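Down below is the structure, laid out as structure tokens.
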Amino acid sequence: EAGVAQSPRYKIIEKRQSVAFWCNPISGHATLYWYQQILGQGPKLLIQFQNNGVVDDSQLPKDRFSAERLKGVDSTLKIQPAKLEDSAVYLCASSTGPNQPQHFGDGTRLSIL
Amino acid sequence: AQSVTQLDSQVPVFEEAPVELRCNYSSSVSVYLFWYVQYPNQGLQLLLKYLSGSTLVKGINGFEAEFNKSQTSFHLRKPSVHISDTAEYFCAVSEGGSQGNLIFGKGTKLSVKP
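Line order of the protein sequences matches chains G and P.
Residues 1 to 113 in this note's numbering are what the first sequence spells out, letter by letter.
Residues 114 to 227 in this note's numbering are what the second sequence spells out, letter by letter.
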């Protein structure tokens with residue numbers, strides 16, 4: 001079974017620019033998560049989707065971050081404008097349902113200059 | 114609110130020695146507990162989980178963990194480590210009834226030396 005796919009693997013931008021990350025979950029997985037992992041810390045949940053609906057976005061900085069999962073499959077996470085403190089690895093995970101084990105992608109490492 | 118404390122940020126150990134990575138949690142409700150491993154430049158991989166039942170949980174790669182409700186701990190152990198176990202290990206907790214909304218600890222870097 002193919003795993004969770006994320007792209008790009010690395011991205012370097014300047015502050016105040018915008019950036020987008022893409023995630024393709026495991027086929028058939030209804031639940032999709034985006035996490036932010038700052039260096040030296042554990043992952044922190046940003047947003048959780050169930051199919052194409054948002055279940056939890058309480059920790060998403062909505063003034064600059066947005067995410068969508070229009071057809072209930074692929075998802076995109078956007079940052080606009082980026083700040084220095086957004087430098088982190090952005091991980092996508094998926095599961096068959098909200099109460100099932102999560103499978104993680106390899107992440108996108110974002111560096112803000 | 115739930116929280117997870119991993120007491121050691123780094124653990125160096127020699128190959129074939131035993132290792133224990135410590136994890137304590139705080140929660141006012143029943144919880145599910147997890148250990149994940151992260152190899153360099155990769156995502157997280159589930160090692161093992163405790164949902165209910167036996168408090169001793171066996172996972173992949175020879176790891177096991179024991180849930181201790183009275184001490185609110187979920188320490189990870191392996192009797193004999195290999196060089197390939199060098200990685201970062203994360204303990205996580207979620208409220209009972211859901212494996213979503215994972216709260217992660219800050220991680221423990223395990224370095225296995227020859």
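Glycine included, C-beta positions come from ideal geometry on N, C-alpha and C.
Computed from a prediction, not measured in an experiment: that's the story for all the values here.
Listed in chain order, the non-local C-beta contacts of residue 151 (chain P) below 7 Å within the same chain comprise 157, 200, 201, 203, local neighbours out to five positions each way being set aside.
Looking at the backbone, the Cα of residue 206 (chain P) and that of residue 144 (chain P) are separated by about 6 Å. Under the 8 Å criterion on CB atoms, residue 41 (chain G) is classed as interfacial with respect to chain P. At a Cβ-Cβ threshold of 8 Å, residue 134 (chain P) and residue 195 (chain P) do not count as neighbours. In the three-state reduction of the DSSP assignment, residue 179 (chain P) falls in the strand class, which pools E and B.
Residue environment analysis places residue 7 (chain G) among the exposed positions, since fewer than 16 neighbouring C-beta atoms fall within 10 angstroms of its C-beta. Contact annotation: the region 163-174 of chain P does not touch the region 40-53 of chain G, with fewer than three C-beta pairs closer than 8 Å. Scanning its chain for C-beta atoms nearer than 6 Å, with the 5 sequence neighbours on each side dropped, one finds around residue 25 (chain G) the residues 4, 32, 94, in chain order. If you look at residue 113 (chain G), you'll find it isn't in any beta strand (DSSP E); DSSP assigns it neither H nor E. Rounded to the nearest whole angstrom, the C-alpha separation of residue 110 (chain G) and residue 218 (chain P) is 21 Å. Annotation: Cβ neighbours of residue 155 (chain P) in chain G (cutoff 7 Å, chain order): 106. In this structure, residue 213 (chain P) keeps its C-beta atom at 8 Å or more from the C-beta atom of residue 42 (chain G).
Nearest to residue 191 (chain P) by C-alpha distance, out of P:215, P:181, P:166, P:160, is P:160.
The beta carbons of residue 78 (chain G) and residue 87 (chain G) sit no closer together than 8 Å. If only uninterrupted beta strand (DSSP E) runs of at least 3 residues are considered, those enclosed by the region 19-57 of chain G are 19-24, 31-37, 44-50, 53-56. Cβ contact annotation for residue 140 (chain P) (same chain, cutoff 6 Å, sequence separation greater than five): 115, in chain order. Contact of residue 31 (chain G) with chain P is assigned, a C-beta pair being separated by under 8 Å.
By the Cβ-count criterion, residue 108 (chain G) is buried, with 16 or more other Cβ atoms from all chains shown falling within 10 Å of its own Cβ. The beta carbon of residue 56 (chain G) sits closer than 6 Å to those of 48, all from its chain and outside the five residues before and after it, given in chain order.
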